[in-house]
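So the structure is just underneath, and the comments pick up after that.
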Amino acid sequence: MFQPGSVRWTTRGQSRVRRKSLKLVYIETLNVTVLSKNVSKKQIHTVPKEGPWSVLFFGVDDFSLESLKGLHKEYELKTLCRLEVVTTQQNKKQEVRDYAMQNGIAMRTWPVTFDTDGFHIGIVVSFGHLIPKKIINSFPLGMLNVHGSLLPKWRGASPITYSLKNGDTHTGVTIMNILPKKFDIGEIIAQEQISITPDETLPELRAKLAKIGANLLVETIKKLPSILSNGRPQNETEATYAPKFTSKISIIKWDEMSAIDIYNLQRALVGLYPLTTKFRNTMIKLLDIKKIEKPNHLSHLQLDIPGVATFDKVNKVLIVKCKDDSWISVAKVCIPGRRSMSANDFSNGFILGQKQRIIVFQ
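Take 72 as the starting number for the sequence shown in our numbering and just add one per residue.
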């Protein structure tokens, strides 16, 4: 059984699919000859049998940065003989670009319009662009991707968010081969699984997985090139998807979501979007949400439908009924055009004047 904290390295016997992209021919000298068959004209490359390796790194953000730092350390230790970076100009935050500039790492801008000859392998981490077949096949050892889930679960741009939103109790990192035309479908080279704690948030889990991914990538690099022959195909019947999303994901659907669903959504969107709901035809933000049991001292109130809310004077929070007779508390509220206010202030303005001291979120 694949236990949290363990690393799964694929073995040759696990793969029943014939590899079409790379054929490794081992030679008892210092080199390996690689024949690439996915290009119009067969290319024959000679690469070191045990390194050092020449790496072209594709990345942008903080998740990418941990892997770049790991590779940069290996470059300084001479495991790599060359390390350069490809990044984009689209993102406001450019952690990879800033690190490369600060550490004198040669940097290029996407899209790739330069010759990639001289690089043994490409590494892609949280890059957000499909890599063309021509570029993939220009690397003698192909390209690897560090993905923030246990593929084939949560393919796509937002695996960590969807894992938290779904209430998963474990996740992990996958090192996989990159194939053209589609994201996250390549053979699995290695995986490491970890547990997710019940209150873990997106920034916390993202930072943890970034470090695990960086370490797993470095260990994979150290096992080149033989490890590339051991990839195992993904099970398509187990595939789930984590596509890009907009702020609409933050809207609470009271009739469909239990308290744990709402709490998990909050955890999944920390640092991105606060949860929102409609109140008197206006979208407002609900902040600092927690799962609770319904307080006994409020049992006399008619809180009988999801979305009904009242103010709990004892605990100084709003309490809201959710699906399946479950409950959340809300400590702060933000109304458009105003600063966030405490639940007490919100109650003074919108609940105390009500005859039954209740309101309804929609």
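Ideal Cβ placement from N, Cα and C applies to all residues, glycine included.
Around L276, the same chain offers I231, L235 and I267 as residues with beta carbons nearer than 7 angstroms, after the five sequence neighbours per side are excluded. A direct Cα-to-Cα measurement between G141 and F134 gives close to 12 angstroms. Around M354, the same chain offers T347 as residues with beta carbons nearer than 6 angstroms, after the five sequence neighbours per side are excluded. Residues of the same chain with a CB within less than 7 angstroms of the CB of T240, apart from the 5 flanking positions on each side, are S266 and I267 in chain order. The region 361–377 and the region 298–309 do not touch, with fewer than three beta-carbon pairs separated by less than 8 angstroms. By alpha-carbon distance to K356, the top candidate from K403, V183, I429 and P119 is K403. Close CB contacts of F417 within its chain, under the 6 angstroms cut and outside five residues either way in sequence, are with V404 (chain order).
Within the same chain, and ignoring the five residues on either side of I363 in sequence, the residues whose Cβ sits closer than 7 angstroms to its Cβ are I390, W398, I399 and S400. Distance between S297 and G122, taken at the CA atoms: about 12 angstroms. Here DSSP, grouped into helix, strand and coil, assigns P119 to strand. Residue nearest to I256 within the set S229, P223, E271 and I283 is P223 (criterion: CA-CA distance). Scanning the region 299–340 from its first residue to its last, the whole alpha helix (DSSP H) runs of 4-plus residues come out as 330–340.
Counted as a single uninterrupted DSSP element, the stretch harbouring Q173 is not any beta strand (DSSP E) but the alpha helix (DSSP H) occupying residues E166 to Q173. N216 has its alpha-carbon roughly 14 angstroms from the corresponding atom of L136. If only uninterrupted alpha helix (DSSP H) runs of at least 4 residues are considered, those enclosed by the region 194–252 are 204–207 and 230–236. By the 16-neighbour rule on beta-carbons within 10 angstroms, V156 is buried. Put simply, the backbone Cα of A330 is about 13 angstroms away from that of V379.
For the options H200, C152, G219 and T242, the alpha carbon positioned closest to that of H191 is the one of C152. Note that the C-beta distance between V431 and L287 is not below 8 angstroms. The beta-bridge partner set that DSSP reports for E290 is empty.
Cβ contact annotation for K204 (same chain, cutoff 6 angstroms, sequence separation greater than five): P251, in chain order. Counting other Cβ atoms within 10 Å of its Cβ, L201 stays below 16 and is therefore classed as exposed. Distance check between V131 and each of Y233, Q161 and V118 places Q161 closest, using alpha-carbon atoms only.
Taking T187 as the centre and dropping the five residues before and after it, the same chain places the C-beta of L127, G193, I206, S209 and F210 closer than 8 angstroms to its C-beta, in chain order. Bounds of any beta strand (DSSP E) do not take in F432, whose DSSP letter is neither H nor E. Assigned with DSSP and collapsed to three states, L154 falls in strand. The closest CA to that of Q262, considering only I283, P269, K279 and D270, is found on I283. In the DSSP assignment, L127 falls within the unbroken beta strand (DSSP E) covering W124 to G130.
Note that the C-beta distance between I260 and G302 is below 8 angstroms. Within its own chain, no residue has a Cβ closer than 8 angstroms to the Cβ of K324 once the five positions on either side in sequence are excluded. Judged by DSSP secondary structure, D133 falls within the alpha helix (DSSP H) whose first and last residues are D133 to E147.
Contact annotation, L221 with T245: C-beta distance approximately 6 angstroms; criterion of less than 8 angstroms satisfied.
DSSP places E271 in the coil class of the three-state scheme, outside both helix and strand. The criterion of a C-beta distance shorter than 8 angstroms is satisfied by F316 and S229.
Partner residues in the beta bridge of I399, as assigned by DSSP, are K362 and V391.
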